[in-house]
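For the sequence shown, my numbering gives the first residue as 8, with consecutive numbering after it.
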Amino acid sequence: MKRCIFCGKSENEFDPKNQWSIEHIIPEALGNRNLKLDCVCKRCNSGLGRYVDNHVVNSALFKLIRQRLGIRSRNGVIPNAFSKGEDQYGNKVRMDLDLNPCVVPRVTTEAVDEKTTKIHIVAATKEEAENCLRKTLARKKLKPEEQERLLAQAPNSTEEVSYVPHIRYEREMDWNRFYMEALKIGYEYAVCALGERYLEDETAREIRGVLYDAICGKFEQECPRPKQVGLFPEELQEEMAKLQFPSPVHLIGMAHTIDNGLIVLISLFGDWPFSYIVSVSKNADRYPEERSNRINVVPIAAGKTEQ
Ligand SMILES: [Zn+2]
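This is the structure we're talking about:
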C-alpha cells in the first residue's frame, strides 16, 4: 500500500484535509521541474517547504543566484537579494533588479524651542521630498494656509546632492540549514532510485526520524547538522570544476562506497560550496540490481512555474 515516505500514513489514515501532493526533490524555487515524487502527503510537503526548503531557497546566497539566473518564485517574481540596504550616511536604500539605487524617504523632526520645530527630509527627488513635507505638515494639524506658506518656503532650504552610495547589507548564514536540505534531497532521491523497499533500510529510518522532526518544526530555532551529510571531498570538487554545461544545471547521482554503502551526491548549481554527499545506506547488497552508479542532470528552468 502506498504510504507517505515521511509520516508513514496511507491515504485512509489521512485526516480529512490531507491528500497526496507533488514533492520536488530539489526545490522548485531552484528551477527543478523534472525530479519529483508523488508519495509525500500534503501535510509533510508543506512542513518540508516551511521548515527545510524555505531557509535555503530564501537565504541571501541562493536569492543572489536565483536573481542572477532569473529563477522566478511560485508567484512569478524574481527575488531581489539587494532590495534593502543602508548607505554610508545611514539612509535606507532600495535597489531594483537592474541595481539602480533609490533612497527611501526619511523624515526627522527636531524641536528647536517651544514654538519652532525643524523638519529634515531626505528623499530621492524634490517632488518626493515635497510630498513628504506635505504629509508631515498635514499630520501636525496646521491650518491649510499655514501649510501652504511653509511649503512655499521649503525650496529655499533644499540642498541637492549627488553621490555614489556605498551600500551595506546585513547577512547571516546558517550552513546547517543547507546540510538539512541536502539530507532531504538525498533521502528523496534514494526513495526515487531504490523504490519502496528503501523505506525499510536502517539508514532510511534514521534519516526519516530527523526529517520528520524538521517537518514538525522542531528545528525552527536551532538546526542541527545531520551526521549523514558531508561536503564533497577536494578531489571530487576538482573533477566537478572540469564539467562544462551550456546552461546552469544541478547534478544528482548515486554511487557505491568500498564498505558496502550507498551515497547520494548532490551538487546544486554544479557549484562546490553547495555540493554534498549524503550517506543513504550501509547495506548496498540489499539492492543487487543497483550495481552501477547513476547520475541525473537537472536543468534549471528560469521561467515561471506552471502551477
Ligand atoms: Zn506525510
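Virtual Cβ for every residue (Gly too), placed ideally from N, Cα, C.
Identity of the residues DSSP links to residue i by a beta bridge
| i | result |
| --- | --- |
| residue 303 | 259 |
| residue 173 | None, per the DSSP bridge assignment. |
| residue 30 | 44 |
| residue 288 | 269 |
| residue 93 | 99, 175 |
| residue 125 | 117 |
Short Cβ contact (8 Å threshold) for residue i with residue j
| i | j | result |
| --- | --- | --- |
| residue 289 | residue 203 | no |
| residue 98 | residue 79 | no |
| residue 218 | residue 13 | yes |
| residue 185 | residue 276 | no |
| residue 173 | residue 94 | yes |
| residue 130 | residue 100 | no |
| residue 87 | residue 50 | no |
beta-carbon residue i near ligand 1 non-hydrogen atom, thresh 7 Å
| i | result |
| --- | --- |
| residue 223 | no |
| residue 51 | yes |
| residue 16 | yes |
| residue 139 | no |
| residue 13 | yes |
| residue 48 | yes |
Among the options, the one whose alpha carbon lies nearest that of residue i
| i | options | result |
| --- | --- | --- |
| residue 307 | 214, 199, 274 | 274 |
| residue 65 | 138, 255, 178, 259 | 178 |
| residue 297 | 261, 170, 239 | 261 |
| residue 196 | 157, 8, 287, 62 | 287 |
| residue 284 | 134, 234, 151 | 234 |
Chain D contact for residue i (CB, 8 Å cutoff)
| i | result |
| --- | --- |
| residue 224 | Absent from the structure is chain D; it holds one protein chain and no more. |
(request) Could you pull out every unbroken alpha helix (DSSP H) segment of at least 4 residues lying fully inside the segment 43-76, listed in chain order? (result) Here the runs fully enclosed are 49-55, 61-64, 67-76.
(request) With a floor of 4 residues, list each alpha helix (DSSP H) that falls wholly inside the segment 145-202, ordered by position along the chain. (result) Annotation note: the segment 145-202 contains the following uninterrupted alpha helix (DSSP H) runs of length 4 or greater, listed N- to C-terminal: 151-160, 182-201.
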